Structures are given as structure tokens and as C-alpha cells.
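In what follows, a structure is listed as C-alpha cells, so that the remarks can point back to it.
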Amino acid sequence: MLRAVARSLSPCLALLALVSPALAAKLLSIEGAETGGYGRIALTFDSPVTVKAKIAGSVLVIGFGETAPGGSERLATAMPNYVSVLRRDPDATGLRIALQKPYRLNVQQAGERTYVDLLPETWSGLPPPVPQAVVTDLAKRAYTAEQVIKAATPVPVAKPLAIEVAHLPTLTRLTLRLPEDIKTSQRREGPATLVTIPGAWKIEQSDTRGRLRPAVARFSVDGDGTASTLTVEPAEGYTVSTDRDDEGLSIDVAKQEIGRKDAKAEAGKSEAPKPETGTTEPAKAEAGPGDAKAQARGGASGRASEAGSARTDMEERSRAGVPSGVREAVGDLVFPFGKAPAAALFERGGTTFLVFETAGSVALPASAATAGIAGPPKRVGSVQVLRFPAPAGKLLDLLPVGPLAAPTGWELLIGDSLGPSDALVVTRAPLGAGRIGLGVRLPDPGAATWLDLDGERVAVVTTLGRRPSGVAKRQRFVDFELLPSRLGVAVLAQADDLLVRPDLDGVSIGREGGLAVSAVERPAETVASDVEMLAVERKTWDEAKRGDVRESLRRLFEAVVEQPLSLRGPARLAYARTLIANGYDPEGLTVLDAIAADDPVLGAQREIAILRGAAMARLGRTAETRKILSTKALARDPEAALWRGLAEVTAGLWLDAEGLLRAGSPILDRYPDDLQVVLRTAAAEASVETGDLEAAKRQIALAARLTPDPLTRDRLKMVTARIDEGMGQTVPALAAYDKLAESAEQPVAAAATLRGTLLAHSTGRLKAPDAIERLERLALMWHGGWIEAELFTGLARLYRETGRWRESFVVTRRVDLAGPESATARALHNEAQAMFDDLFLSDLGAKMTGVQAVALYFDFKDFGPVGRRGDEIVRRLSDRLIALDLLESAAELLQHQVDHRLAGPARASVATRLAAVRLMDGQPLKALETLDATYLPELPSELRRARMLLRARALSDLSRTDLALETLEGDVGPDAQRLRADILWAARRWREAGESHEMLLGEVWRGGKPLDDAARADVIRAAIAYGLASESLGLERLKAKFAGPMAESADARTFALLTAPNAIRNPVFREIAQRASTAQTLAAFMDEYRKRYPDIALPERGRRAAGAEAPPPG
């Protein structure tokens, strides 16, 4: 740099040279030589100096660009025939040399050396060159300097840039997503358009190979580290246009008759690649977020009023019972999603926790910092957690945003009031064997996730419910604590083995040994209104049963007949009550129906409804009982609750039954003794099944005082045995069950047999096969009611325990059909779903054969899980179908996944498997259509390359050789090279096919080891290809390499024949070539594909038995 400055200030340097000679350049030597018919003067400086020379008469004047003292003056001695005298200028800026005669000058500068050649005037041809040693030295120094510069200036890292290709009916569009500050330029060179992108880019063009026809004739990418150039040459009849916007660069190749305006309109209709759920901003946010934010910034008072109106609007909609319309955001704290995920909002120790159950990221609102939300969300399992200080003196609310039927986000509101919400209630949940759990009825629960909050274990269950449902205040229990929440459930564990699970009814909380829950007596529910007159009064009921019942009924019937039709109502009511009191329930119902038909006013009275409900309940007609006694007028009637509770006991809905019978208990003492004993026995059964053993004991004690009939007495003994079982007293419980099974009346004997068998098996006293035999015998003898449901539930579990999967699913389906609303049926169905999941996704089903697995899936696929695990089951099942050579069935399963179940990269991955199946089934066109329909520009490199290989193979099978080879262009992987060889072989391009197979062999001929089967096959195919192409040079080269290794192999005679002179005329050659030409290369291609991509590859194709047909996939 100093030297450059010195040259720009040459007058100053001249002066400085006089003052300080050390700063000037130095002439180190002046050498002369007479050689080759010319004279050469060589000037050597200590640094590069500009030298000029001219001849004035017979004097050679040499001028320096700067002062350069030094150097000898003995040039005349070295060049006597050319130089007579040399003189140095006093200011050291040049030389003057007297010449013997005139000459032609040639001045050449090489670094610090300058060569002045004196050529005769008769010189012809090129001037003499600089010495080769000097040129070599300069080249070496230039290379060293270049390396130093490169080391000081690192090469910029090339940034990846993908080319997205979209096909429309009228154009093909190439899109590059570039930053706004990158300025591109375009120019035309003949028919081609060149687009230059400044900067270092690594442009991935694999997706363009084979996908630009017929619109693009030539496409290439060149780059030198400072810029990249895209060359697009359209095919005949097409034009190229470019468009640069904020999002990137678009290159449109359209038909000539389509103008640019029409091309833009057509491109606007192109569907963007379908994104995965949870990663796309909602349409509302994209359309105009500025308006919503402008309204939200109107001030705190404006936000409060808007929030209040929003809550009022939500309240009005909630009264309607169904979500409708769209809820607009009223503040800044909006969390957008493509589809609103399950969420939870709870508080602990002055800190608020906001939880979203999403696999994607959570975009923080711009105003998050003002609300105290600092830092990105933390990923814990399947949820994202935000924590921030609870605002002092303010309330928090979380409401959905967007269409209420399918919200697209959540809004966090901070204000002074809250909208309407549902308070979550904790209820008892029996776990069997006397263990007690608790349940929280959370609507639409999501997943349960354990969080570590400053050393405390908190289980959070999110919810998809769009109406706020939470725990209003902190609730403490022995084993856990429910934290205050506005949405969802948060459980603070006080025990290490606490279990928190979501289920169909909400959230289940328990422990392996059961929770420590108090067993004190619970007060009866408050009755809405006192009942002065019961429909079943003790005195009237007892009088109806006294005396000669037949005579009483005859007399009451005659009284009805004697009355005019309009006045028969009261008489008919007395007649019906007497019939029902004496057990003639069907007849009593007939009379009550006649009352309602002839006298609607009397038929609508409370007494008639309760008598009808009581008769229906005693007949076991649960649905009719619910319908009659669940009207608005009787919804909180304690007497109606008693009979509804009895009906629920008959149906086995113990939790509902226990609550209803407890609600009616205040009036139970006013009932006749025979009805009391039945209802108290039913209450005892409901209490023991829900785990309230103390309440069951009390009901047994009260019922025992009332002289029960034999059947009721057996039922009470059965309840006592159930209490013993619940308290862990196995021996007396088993003894009681055995005795009741032998001597009790039905249905108690059947229930005792069931309970005794299950208890004996659970305690190890009865093996599973023996227990199954007992229950199967019982199933032939008993049908109907909760006993049948429990019986088949036990059988299903025993079948599952013994590995009889099909029988277990069959029995579960029978339970579902018999009582889908019961808790037993729901629990069994959940267990069957879990078993189905394990059979196909774990080692549990490893012992099943392929046929068994396929048959089991198609027969019971309604038990399959939904979501990702269900999709994975289908994919694994397709592998089993392929192993059975049922390719069409496998393809239909995968096609359904692609069309209806998946999106984004997951869809593209399954589509890749589907394309491979289509290729194996000989349907390359369908394989190509599948790959094109699921194309995405942003896919993992491994998946993108796998799709490229399958696409090339499909194009080859469709005889589109050039496109197939273009698709593989630039890929030098071994699998791509083998596929390229197969493509050339199939196209009968013999010379190129032979060279490709020879290239596959590499240096294997140098190893001195025997050739394996694959290598020998490549050698044979290369020899055949060279022979068919009459490529003698290639054949001789192959023979020179592999004559020795092949001579020691099993194919020695074949190779010798193929490489013999004029071998193609030999009929045996034609026979070998025919066999090789018809050989299937797809199997070899799929083998290489499996090695390279084991995660997405398919299993080997099996062989179908003769006459076997593919089962239907549905």
C-alpha cells in the first residue's frame, strides 16, 4: 500500500529521495548479454519499478518511474557489439546508453526485473521471451500470495437455496425464496434467459431434474462463490418471464399465447404445499393483523370494555349450547395456530403457567413482554410451557379465537372480571379390589404431562373444550393437591406413585394401592322441594296388599266399570295402584296408559308418572324409566330419583345409581317395608360398586331389619361378600361366593359364580384356562343385565391374558353392542384399543403370522387408535401385506393414508412407500403420479433423494429414458450408478450400459480376491452389452481386467464365450443375452434401496399361494 501511495505522489518522492535515499528503490544490478542474434540488458531492482525506454538517434534512454540509485556501469564490457558507453542520470531516475548502431527495442517487465532487448532492424517473428526460470519463480510467488490472501479472506459459506417447481395448466413456475436485500439481474443470450443472483449460494436443483419438461428445453446452474447464474432456455412455443417480489424470485415459463398477466393470474391459483398442522398462521392473522392490533391499542379502558363485551357475547353463545360464529381477538395477547391445540392455564405460588399441547412452535405475541411473559416457551414432552408472574389484582382468562366450531388460536385476557365457566367437580371412582380413585369430569381432555416446577411434580391435563373449565380454588387431599386453574387440570403430587390419566369422562387420579380417601358418611343431597304427598304412601300401599287380593281387584274393577267414562280416572288410579302393589306391574301399566289416553289432565299428574316409572323400573325397562322420570318437572324430585336409581342399578350404571339413591334417601323411611328393603339393597349394591363400603354396610343393616324376601336376602349376602372382597378378606369372600353359587336364587347365583371365579383367578387359586371354562359355561346359562356385561368383560380379559386375541376382540365387541353407555363397556373398549395398539406396534404381536395379523386388523380395525399411532399401524400392516405378496391391498391402505390422513413431510414419506409398492406391482405410471402429487420443495435430503431414485426408476419403466437419466444427473452414489446402468440396459443403449456396469465394478479386479455373485453378474452384463454394441475396444479392456478373476469363478466358460472373437455370431451368445435382457432388475434395485433407506423402505415381496386373493382393505 505504501508503494502505491508513493507512485501517486511521485514529485514528493523525488524530493524525498534527495533528502533520504533509504526511502528510494535500489538498482541492484545491470547485466548484459549477447545471444541469439540480439542483445539483452537486464535491470534488477530491489522492488518492482516502472521502466520506460526509447532510442533517440544512437542513444538508448531508459527512464525509471522513481529514483533508483546503484548498479554497476560495466555494461559496455559485457555487450561490446551493442553498447559503447553507459551514463547514469544524476538524479538516479534513468540511464543513457550510447549504441553502436540503431536497433529495435523490446521492453519486458517481470517482477523486480526488467529486460530491454536490442533487436536488429531485420528481426522477424516473435520477440524473445523472458527466461523460463523467472517465469516459474513469478508463478510460484503468485501462488504463494494467492494462498496468503485466501487464508486472510475466508471463503463465504454458501447458503442453501431450494428451487420450488409448480406445474399449472398454462405455465411452469420456478420459485426461489430470496431475502429482500438480494438484487437479481436478468439478461438474454439468444433464446435463453440468464438470471444472476449475487452472493454465495448452494442452489439445490435435484427437484428440477426431469420435472421441467415439456416447457423447459435446458436448465442449468453455475456459480463461482460470488454469484450464481440460472440459465433457463424455454422449449419451442414457450416464453420466459421473471418477477421479483418481497418473498422471492419467480421464473415463469408459459406458452406464447398466454400473456404475462394471464400467467400471474393462473399462478395465483396454485395451491401452496400443504403444511403440517400447528405450523401455519391463521388466515385471519394473515389477512389483517394490523386492524385488530390498532383496535387493541385504544387504551386500557377500551380493552376492558371490549373484553367485557367479548365475555358477554361468549356467555350468550354458551347459553345456546353450541358454538357458533366467530370470536374476534380484543387484545394483543393472541397465540395463533393453524388449529387451536388443547391448552391449560393454572397458577402455583404466584406464578401463572400457560400450557399448549402442540408439536409445533408457539409464536409469542409482540406485546408478550408487557404482560411479563419473557423468554421462549419450554418444551416438555408433547407440550410447550410458558411461565410468568401472576399480575397483581388482576384476573386471567383464556378464550379461543376464530370460528368457535374450529378455533385458530387462543387469547390471554388480563382484566378485572371473568366470563362464564364450568367448575370442575371431584367424584369417587372405584378401581376394583376395594381400591378407590378420584375423577375430575374435564370435557374433551388432552394428554397428561408431568412438569418439574422448582422441585415439585405437577401433572397437567390440557383440554380441547372451548368453554373455560377449571378448578376454582385449591383443593387438598392426602395424596395430592388440585391447583387453581382457569382451563384444564393441574395436580400437585404428594405421593411418588400417583397416577394421573385422561379418560373418556375426564381425568382419573389414583395410586397402585388406591388413594387415602375418607369413608365418613356423606350427607344426602339437598332436596329442591319438600314432598308432602308421595305417590307410594306406606298406608295405602299396605292396605292394597291385605286380604284377598283377587277379591280386592275384582271389586275395584267393577267400580271402574260402574263409573261413566268421564269419571273413571280416580277409580282406575286406585285399581292400578293395587295391581302394582301386588306385583302385577304390566297390568298396572296398561291401566295407567288408559288413564293417560282418556284423561290427559289426570295422566299428566306427578303421581301417575312416578307409578309408571316405578313399574317400569321393577320390570327392568331402564330406558323407559329414564324417559318417564327425567322430565323437567321430576328432574329434582326425590321420589323419582329413587326409582331412577333402581333402574340404573339394573343397568349396572353404579355411579349414577349411587347418586340418585342418595338423593332420594330422605323420603325412603316413609316408604313401605317391602319397597324399602328392595331400594336399600339396591343402594347397598351401588355403594359397594363405587367403593363406599361404609355406606353399603349401613344400608345392609337397615335392610336386614325389614324382613327381606329370599331373593333380597341372597342379594344382601352377595353385597356382604363384595364388602369382604373389597376389604381384602379373600377367604371369607370366596366361601360366601361358593355357597351363594350353589344355593342362592338367580340372578344372585350367577353373580356369585362370576365374582368367585374372577377373585379366585386374581388370587392365584384358579388358573386362567379353568377360569375361562367356568365363565364360558356360565355364559351359556345366563343372558342380559349387568351380569352378562361383567361376565364378558372378565372373559375378554382372560382371553387377552392367554393370548387368544380374536376371542377377546369378539367378546369386547359384544359388550359394546349390549351397553355402550356403561362404564364397564367403555373401560373394556379402552383396554381393547390398547391391546390392538400393542399387537401391532410392540413385541406383543411378534408371534402372529402375517396372515393372522392381516386378518385380525381387517376384522377388528374399529379398535385401532386414531392419530399418528393409527397411521403407524397401517404402515406396518402394509409391510405385512407386501410380505404376503398382497401388493394391491397394501397400496390401497397407503393410498388412503395419503389422501385422507396425512399432510406435509409425513404425507410425502408415506407417498414414497406407496410409490415403491406401485413399482413392485408393475404400475410405474401410478408410482410417478403419486410422487408428483405429493411433491414438496422443503423435504429432508434423504427423503428427497429416495423420491428421486423412485422417480427415475418409474420413468425408466415407462421408457422415458432421457428423463430418467436427467433425474439422476449429478448423483454419483452407488445405488444411483446401478440404477443408471439398469436404465441404459433397459433402453438398449448397449455401449453406455456396458460402461456403466464396468464402472460399478471399480477396482475390484485389482484385489486378487474371488468375485462375488453381484460382481460376476456385472461383468457378464458388461460383456454382453459391449458385444451387442460391437464395442471391441471395451470388450478387450474388460477381458484384460477380468479374464483372471473370471477364470476362477463358476462363470468362466460363459465369460470366455462372451469375449471370444465374433462371439455375437454364436447362437449360445444370443441365448445368454436373451436371458440377461429379460432378467428382472427391479429386485436388485429394491435391495439397494433398502440398504440405503432402511427407515422408509419396504420389506421383500413374498410369494402368494396359488389361487390366493388379496383381502379387501376395508
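According to the working numbering, the sequence shown holds residues 53 to 1166 in order.
Backbone N, C-alpha and C fix where the C-beta goes; we use that ideal spot for every residue, glycine too.
Predicted model only: the values in this text are computed from it and were never measured.
Item: I'd like the ranges of any alpha helix (DSSP H) spanning at least 4 consecutive residues and lying wholly in the region 761 to 830.; Value: 762 to 778, 782 to 795 and 800 to 814
Item: Quick one: Cα of glycine 808 to Cα of alanine 788, how far?; Value: 9 Å
Item: Give the straight-line distance between the Cα atoms of alanine 120 and threonine 87, rounded to the nearest whole angstrom.; Value: 27 Å
Item: Check the DSSP bridge columns for lysine 104 and list the partner residues they point to.; Value: Gly115
Item: Is valine 386 near the ligand MN - that is, is its Cβ less than 7 Å away from at least one heavy atom of it?; Value: This structure lacks the ligand MN; in fact it carries no ligand of any kind.
Item: Compute the Euclidean distance between the alpha carbons of proline 452 and leucine 438, then round it to the nearest angstrom.; Value: 17 Å
Item: Taking 8 Å as the threshold (C-beta atoms), are leucine 490 and arginine 480 in contact?; Value: yes
Item: How is glycine 498 classed by DSSP in three states: helix, strand or coil?; Value: strand
Item: Are leucine 946 and valine 906 close, meaning C-beta to C-beta below 8 Å?; Value: no
Item: Which word fits proline 417, buried or exposed, when buried means at least 16 other C-beta atoms lie within 10 angstroms of its C-beta?; Value: buried
Item: What is the DSSP secondary structure of lysine 1091, counted as helix, strand or coil?; Value: helix
Item: Per the contact definition of three or more C-beta pairs closer than 8 Å, is the region 1086 to 1100 in contact with the region 1040 to 1053?; Value: yes
Item: Using only CA atoms, which one of Glu125, Arg526 and Glu380 lies nearest to leucine 80?; Value: Glu125
Item: Roughly how many angstroms separate the alpha carbons of lysine 1061 and methionine 1051, rounded to a whole number?; Value: 18 Å
Item: Distance check for arginine 757 and proline 1169, CA to CA, integer angstroms please.; Value: Past the edges of the chain, shown from 53 to 1166, lies residue 1169, and the structure says nothing about it.
Item: So what's isoleucine 561 in DSSP terms, helix, strand or just coil?; Value: strand
Item: Tell me the rounded alpha-carbon separation between alanine 337 and serine 293.; Value: Bear in mind that the predicted position of alanine 337 carries a pLDDT of just 36, short of 50, making it unreliable; the figure below should be weighed with that in mind. Straight-line Cα distance between these residues: approximately 32 Å.
Item: Spell out the partners DSSP gives tyrosine 90 in its beta bridges.; Value: Thr87
Item: Run through DSSP, which three-state label would glutamate 700 get?; Value: helix
Item: Applying the 10 Å Cβ sphere with the 16-neighbour rule, what's the burial state of glycine 311?; Value: Low local confidence applies: a pLDDT of 44 at glycine 311 is under 50, so the model's placement there is unreliable, and no value is given.
Item: Checking 8 Å against the spacing of the C-beta atoms, do proline 536 and alanine 524 come in under that value?; Value: yes
Item: Out of Ala1125, Arg1058 and Trp1042, point me to the one whose CA is closest to glycine 1096's CA.; Value: Arg1058
Item: Considering only residues of the same chain and omitting the five flanking positions on each side of arginine 139, which have a CB-CB separation below 6 Å?; Value: Arg148
Item: Check each candidate in Gly621, Ser560, Asp645 and Leu586 and name the one with the smallest Cα separation from isoleucine 719.; Value: Leu586
Item: I want to know whether the region 449 to 464 touches the region 515 to 522 - three or more CB-CB distances under 8 Å.; Value: yes
Item: Go through its chain and collect everything with a Cβ distance to alanine 1104's Cβ below 8 Å, but skip five positions before and after it.; Value: Met1098
Item: List the DSSP bridge partners of alanine 395.; Value: Phe408 and Thr515
Item: What three-state label does DSSP hand asparagine 634 in the structure shown?; Value: coil
Item: Along the alpha helix (DSSP H) that carries proline 976, what are the first and last residues, could you check?; Value: 976 to 985
Item: Can you tell me where the alpha helix (DSSP H) holding glutamate 299 begins and where it ends?; Value: Neither: glutamate 299 is in no alpha helix (DSSP H) and is coded neither H nor E.
Item: DSSP on threonine 403, reduced to helix/strand/coil?; Value: strand
Item: CB phenylalanine 440 to CB alanine 423, shorter than 8 Å?; Value: yes
Item: If you drop the 5 nearest sequence neighbours on each side, which residues of the same chain put their C-beta closer than 6 Å to that of valine 435?; Value: Val407, Glu409 and Thr501
Item: Hey, how far is the Cα of arginine 774 from the Cα of alanine 755?; Value: 16 Å
Item: For threonine 129, name the three-state secondary structure that DSSP assigns.; Value: helix
Item: Of all the options Ala1077, Ala1092, Gly1022 and Glu1083, which has the alpha carbon lying nearest to the alpha carbon of glutamate 1055?; Value: Ala1092
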